[in-house]
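One structure is given here, and the rest of the page talks about it.
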Amino acid sequence: MNINELPTPAVVIDMDLLQKNLATMSAIHPGRRLRPHIKAHKCSGIAAMQVAAGHNSFTCATPREILGLVHLGIGNDFLLANEVLDESRLTALAEAQTEALITVAIDSDECLAAAHKAGIRSVVIDVNVGMPRCGIDPTRAGALADSARALGIDVRGVMGYEGHLMMVKDRDEKKKQVHAAMSLLASAHADVGGDIVSAGGTGTHDMFAGTTVNEVQAGSYALMDSQYAELGHDFVQAMWVVGTVISTNEKWSVIDAGIKSLAMDHGNPTIKDHAVWFCSDEHTTFSANEGTPTPRVGERVYVTPAHIDPTMALHDVAYVANIYGDVIDEWPIDLRGW
Ligand SMILES: Cc1ncc(COP(=O)(O)O)c(C=O)c1O
Numbered sequence: 211m212n213i214n215e216l217p218t219p220a221v222v223i224d225m226d227l228l229q230k231n232l233a234t235m236s237a238i239h240p241g242r243r244l245r246p247h248i249k250a251h252k253c254s255g256i257a258a259m260q261v262a263a264g265h266n267s268f269t270c271a272t273p274r275e276i277l278g279l280v281h282l283g284i285g286n287d288f289l290l291a292n293e294v295l296d297e298s299r300l301t302a303l304a305e306a307q308t309e310a311l312i313t314v315a316i317d318s319d320e321c322l323a324a325a326h327k328a329g330i331r332s333v334v335i336d337v338n339v340g341m342p343r344c345g346i347d348p349t350r351a352g353a354l355a356d357s358a359r360a361l362g363i364d365v366r367g368v369m370g371y372e373g374h375l376m377m378v379k380d381r382d383e384k385k386k387q388v389h390a391a392m393s394l395l396a397s398a399h400a401d402v403g404g405d406i407v408s409a410g411g412t413g414t415h416d417m418f419a420g421t422t423v424n425e426v427q428a429g430s431y432a433l434m435d436s437q438y439a440e441l442g443h444d445f446v447q448a449m450w451v452v453g454t455v456i457s458t459n460e461k462w463s464v465i466d467a468g469i470k471s472l473a474m475d476h477g478n479p480t481i482k483d484h485a486v487w488f489c490s491d492e493h494t495t496f497s498a499n500e501g502t503p504t505p506r507v508g509e510r511v512y513v514t515p516a517h518i519d520p521t522m523a524l525h526d527v528a529y530v531a532n533i534y535g536d537v538i539d540e541w542p543i544d545l546r547g548w
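This is the structure:
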């Protein structure tokens with residue numbers, strides 16, 4: 211089958227470009243220095259390629275992502291980089307500890323108690339490094355680690371996610387701010403101990419020289435989105451939502467892909483050589499830039515999402531294509547849900 215024959219809207223991944231992105235990141239952060247974040251794609255097919263690229267440790271946002279990979283035998287060291295209190299999900303993770311090393315982030319006594327009750331054996335202390343989200347105050351990290359160890363739980367180290375710095379444009383300013391955030395993480399680590407100092411994402415992956423960070427949690431680099439493209443890294447767009455032109459006139463055209471197939475939290479998606487006007491539930495309205503012919507009804511259009519993670523989570527399957535546009539594989543986006 212060719213991409214032009216796919217039912218749309220459809221997630222299409224260019225195999226060569228995906229491989230290129232994986233190789234680029236693996237050269238920068240080989241092996242365990244990268245703990246790829248699964249939430250960016252939620253697709254075991256891509257996780258298997260990340261294992262083939264040398265990474266066996268993964269970052270996950272949900273128990274479902276970990277359990278899906280454990281049951282498929284993909285990877286062997288999973289960090290739940292998120293606070294979870296749900297007893298049944300923590301118990302399912304605890305049961306899976308016979309098959310893989312599973313480590314859970316905690317930032318409070320309540321999280322610790324829930325993990326302990328479920329039988330979780332390993333934790334990291336999630337440290338707040340400046341983003342108003344999860345993470346304990348760095349000065350209190352050591353005491354939480356002591357409480358965990360007193361319960362017989364292995365404290366493997368610390369993590370701290372500097373998500374608020376991902377899109378700082380000026381590289382010198384960004385480096386300054388990332389290093390300040392990572393010095394908070396380092397001071398917490400001095401109190402907590404353990405081997406892991408985990409942080410980072412695609413937007414900061416190249417900012418850690420001179421810090422104590424020893425693993426980077428990047429995820430979006432594999433497929434990319436238009437927001438991260440603004441940073442000008444070497445990663446290329448490897449995924450699109452393909453739509454079909456269903457209506458057109460001399461002023462605008464409409465495809466059958468809208469908000470229900472494209473996450474909009476980072477703004478409108480983009481279409482090369484075209485201006486996107488707006489998206490509605492099942493439509494995107496756009497016009498051709500000067501010099502670009504107006505698309506015909508029935509033509510396929512490649513849409514670049516502004517935010518990859520939630521876009522992938524809207525779809526059941528990703529179609530994998532070669533450079534000729536032939537669909538060479540179909541990967542279920544099988545790690546969705548909680
Ligand atoms: C805990 C955590 N680590 C790392 C990342 C980085 O992922 P990305 O490479 O997609 O920016 C995220 C993204 O939100 C995150 O929540």
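Under my numbering, residues 211 to 548 are what the sequence shown spells out, in order. C-beta: ideal position from N, C-alpha, C; glycine also.
Per-residue DSSP class, three states only, for residue i
i	result
P515	coil
S471	coil
R359	helix
D206	No statement about residue 206 is possible, as the shown extent of the chain runs from 211 to 548 and does not include it.
V221	strand
V378	coil
L545	coil
T521	helix
T504	coil
N212	strand
H326	helix
R343	coil
I481	coil
Nearest residue (CA-CA) to residue i, options the options
i	options	result
G410	T422, T421, D401, V426	V426
A467	H493, G420, R242	H493
R546	T412, H281, Y512, R274	R274
G429	A473, V452, M522, Q387	M522
I363	P505, P503, A325	A325
S490	I469, R506, P342	I469
M434	N212, A220, L232	L232
A271	T514, V294, F445, A396	V294
M369	A432, V423, A390	V423
F445	H476, L228, T504	L228
Y438	G477, R506, G453	G477
G264	A306, I248, L277, S236	S236
G177	S457, I335, I543, I538	The structure shown does not extend to residue 177, since the chain spans only 211 to 548, so no value can be given for it.
G404	D380, V333, E440, G283	V333
D519	N292, M417, H247	H247
I238	L524, H415, V486, S463	H415
I465	V511, L311, A250	V511
L441	S463, M376, A419, F496	M376
L472	L524, T308, S436	L524
G285	V222, N214, L244	L244
M341	L289, L395, T301	L395
Host beta strand (DSSP E) of residue i (start-end)
i	result
D317	Per DSSP, D317 belongs to no beta strand (DSSP E) and is neither H nor E.
A262	Note, A262: premise wrong, no beta strand (DSSP E); alpha helix (DSSP H) at 254-262.
L244	Run containing L244: none; DSSP gives neither H nor E here.
A531	527-531
L289	287-290
R331	No beta strand (DSSP E) contains R331, which DSSP labels as neither H nor E.
W487	484-490
R366	364-370
A498	493-498
I465	463-465
T269	267-270
Buried/exposed call for residue i, threshold 16 Cβ in 10 Å
i	result
F488	exposed
M256	Here residue 256 turns out to be Ile, not Met, going by the sequence shown. Label assigned to I256: buried.
I346	buried
W548	exposed
G352	buried
R299	buried
E372	buried
H281	exposed
K482	exposed
I533	exposed
K384	buried
M211	exposed
N338	buried
A400	exposed
I538	exposed
L322	buried
L361	exposed
Residue i - containing alpha helix (DSSP H), residue span
i	result
H281	273-282
R299	297-305
Continuous beta strand (DSSP E) assignments of at least 3 residues falling wholly in the stretch 380-454:
406-409
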